[in-house]
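In the working numbering, the protein residues as written are 322 to 790.
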């Protein structure tokens with residue numbers, strides 16, 4: 322029986338494409354799926370003519386693999402992962418490597434890694450970003466777990482990852498659930514980025530009067546400069562897509578109710594637990610939840626008055642330039658919040674996260690890939706323990722030179738009644754972070770008065786309580 326280099330459990334689009342990527346890069350593989358139809362489609366379709374086969378059952382999967390075995394798992398997060406692991410641990414042996422590639426909660430990954438390590442298995446929780454195209458042609462990958470497991474996987478992962486001028490888009494992230502934590506924060510930044518782009522579109526459409534063709538040209542132009550990124554590029558393509566059914570633009574017939582799969586909410590929840598402010602990402606999650614109550618919004622639109630029409634005081638080219646500058650500033654804050662969250666988590670969990678390397682592996686393959694990330698990588702090369710991206714000289718100066726346009730754009734949105742939750746949250750974050758004194762002294766006084774929670778003083782050490790008049 323021919324022995325194969327890797328196995329893939331879960332032959333949905335992502336799992337099948339990742340296995341095809343592995344085979345194309347020289348690693349023969351075995352596919353398995355609990356859904357017999359999915360396995361048959363794979364065997365009779367993309368697996369034809371390749372060094373790929375399928376397994377009849379769990380025992381057959383194990384028997385067809387070289388030792389130490391390497392098994393990738395790409396199934397929905399939660400109970401399906403635990404069910405697969407229960408089966409695998411009955412047919413694999415100590416020293417074998419299991420790689421879980423879905424969007425699992427990092428706490429589940431840490432739990433699984435501890436349990437499987439105790440049994441002698443190398444368990445890697447690996448975030449994979451790039452969608453189905455990335456899985457097939459080169460994703461960005463964030464593996465966490467025992468370093469020994471990563472070293473055994475490195476020959477495969479470095480070959481199938483997206484490639485840049487300074488290496489493959491994969492690196493060892495850290496122990497336990499570190500890999501899935503970094504992927505979670507990646508997705509949180511993605512939420513912020515997408516919402517900011519949507520708000521820029523709304524401003525240019527409603528205040529600038531730009532139609533879809535003009536918007537496509539604007540975003541294509543932005544994609545040739547400092548905003549160059551995958552999300553800006555696909556946004557330009559979206560504006561040009563026609564709908565055969567209606568004969569008009571497809572975007573105009575898509576319902577304005579955005580869905581979520583959970584990683585954005587996890588990011589917000591974890592930030593609250595660890596005490597890191599991520600208002601742009603939180604605003605993006607809130608915006609999706611507000612979009613989901615479309616029925617209520619349609620009713621409210623009939624009864625809640627807004628402001629009168631406003632004059633922007635700008636010509637169309639000036640408005641486009643101002644929104645571009647505001648988007649850059651707000652995007653900087655979104656990334657600053659995500660990187661600050663990683664910085665805090667690295668210390669709390671003792672992961673020693675390589676922040677510069679994380680920025681590097683996000684430069685290609687993943688959804689938030691952007692030219693912008695080169696400057697983030699350079700920032701953490703200059704100062705590995707940089708607490709906030711806004712303190713780096715490059716980003717400090719970049720925002721300073723654009724903030725007047727940023728403030729003008731947010732003000733225009735407020736005056737016109739156009740919701741800009743992520744733009745506004747980013748600006749408030751920037752102003753709060755640079756504030757020498759915040760009104761939190763009053764909050765502390767209130768807490769002490771009604772709950773005797775005590776407060777600290779700026780002129781004395783220790784905690785104090787006052788019997789308030």
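Heads up, the beta-carbon is just placed ideally off N, CA and C, and yes, glycines get one too.
As the structure is a prediction and not an experimental result, all values here were calculated from the model.
Coil, strand or helix - residue i by DSSP
i           : result
residue 601 : helix
residue 549 : coil
residue 730 : helix
residue 638 : helix
residue 493 : coil
residue 324 : coil
residue 679 : helix
residue 369 : coil
residue 477 : helix
residue 578 : coil
residue 485 : strand
residue 610 : helix
residue 464 : strand
residue 777 : strand
residue 529 : coil
residue 350 : strand
residue 519 : helix
residue 567 : coil
Assigned exposure category for residue i - 16 Cβ within 10 Å defines buried
i           : result
residue 784 : exposed
residue 789 : exposed
residue 662 : buried
residue 593 : exposed
residue 462 : buried
residue 628 : exposed
residue 540 : buried
residue 771 : exposed
residue 600 : buried
residue 324 : exposed
residue 385 : buried
Among the options, nearest to residue i - alpha-carbon criterion
i           : options            : result
residue 459 : 343, 694, 574      : 343
residue 549 : 759, 689, 476      : 689
residue 520 : 699, 641, 534, 495 : 641
residue 731 : 759, 524, 535      : 524
residue 658 : 374, 411, 709      : 709
residue 716 : 735, 323, 653      : 653
residue 778 : 787, 771, 772      : 787
residue 538 : 554, 528, 392      : 554
residue 632 : 528, 379, 674      : 528
residue 494 : 504, 587, 581      : 504
residue 609 : 671, 432, 443, 583 : 583
residue 729 : 667, 701, 648      : 648
residue 571 : 388, 746, 534, 686 : 534
residue 701 : 660, 441, 588, 746 : 660
residue 450 : 392, 509, 476      : 509
residue 685 : 754, 557, 551      : 551
residue 507 : 681, 705, 440      : 681
Residue i: first and last residue of the uninterrupted beta strand (DSSP E) it sits in
i           : result
residue 373 : 373–375
residue 328 : 327–330
residue 421 : 418–421
residue 443 : 443–450
residue 394 : 391–394
Alpha-carbon spacing of residue i relative to residue j, whole angstroms
i           : j           : result
residue 352 : residue 468 : 26 Å
residue 795 : residue 636 : The structure shown has nothing for residue 795, since the chain only spans 322 to 790.
residue 762 : residue 775 : 11 Å
residue 725 : residue 445 : 46 Å
residue 738 : residue 625 : 11 Å
residue 452 : residue 617 : 33 Å
residue 734 : residue 741 : 7 Å
residue 576 : residue 664 : 37 Å
residue 341 : residue 333 : 12 Å
residue 491 : residue 474 : 11 Å
residue 360 : residue 455 : 21 Å
residue 603 : residue 484 : 32 Å
residue 369 : residue 346 : 16 Å
residue 668 : residue 350 : 38 Å
residue 687 : residue 768 : 44 Å
residue 268 : residue 595 : In this structure the chain extends from 322 to 790, so residue 268 is not present and cannot be described.
Unbroken alpha helix (DSSP H) run spanning residue i, endpoints
i           : result
residue 714 : 714–721
residue 695 : 693–703
residue 336 : 334–345
residue 616 : 615–624
residue 379 : 379–384
residue 584 : 584–595
residue 742 : 742–754
residue 429 : 427–439
residue 411 : 400–412
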